[in-house]
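Quick note: the sequence shown uses the working numbering, first residue 10, plus one each step.
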Amino acid sequence: MRIQTLILTAALTALVACGPAESPPAEEPTVSLADVLPSIPLPPDGVPIATEGSGDAMQLIVSTPVATDAVVEFYRGVLSRAPYSLLNENVVGSSTSFFVEQDGPSLWVMVEGLPAGGTLVRIAGAASAKPPAAPAPSTDPVTDSVG
């Protein structure tokens, strides 16, 4: 009996020492492409090649054989008309970026020339933040009667 007690004690000690089993880390919820980029203006002859996303943001990467200058002109024209509102255009080297608002999430469009020819376009957006909740009505009779 003494050996059984020692074995049982050793087994219980080992279980307690290991601690509770850790659950796998919860995956960060990701939004869908349709939530973040509901109306995506693709460049001429554009072929989606990848999507990336995390949390509340998403990016679509598109490749096109069309020359970079023509793609920039395409986006300048499209993003300057409704339903878009072109807020900013920035050129750094061979990359042009556009910041756009629309009825829905804002968009960032980055147009970059490829060394081998053609153009790479990154279209990124983030899910609209929910507006803050309205403050609860006051229940303080002193401040309610002062107002």
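Each residue gets a CB set at the ideal place from its N, CA and C atoms; glycine is no exception.
- The Cβ-Cβ distance between ILE58 and SER72 falls below 8 Å.
- Taking SER115 as reference, the option from ASN97, VAL130, VAL101 and THR105 with the minimal CA-CA separation is ASN97.
- A Cβ-Cβ contact shorter than 8 Å links PRO53 with VAL75.
- A direct Cα-Cα distance of roughly 14 Å separates SER103 from VAL118.
- Looking from the CA of VAL100, the closest CA among ALA66, GLN111, GLY122 and ALA133 belongs to GLY122.
- Under the 10 Å beta carbon count, ALA91 is surrounded by fewer than 16 other beta carbons and is classified as exposed.
- With fewer than 16 other Cβ atoms from the protein chains shown falling within 10 Å of its own Cβ, ALA79 counts as exposed.
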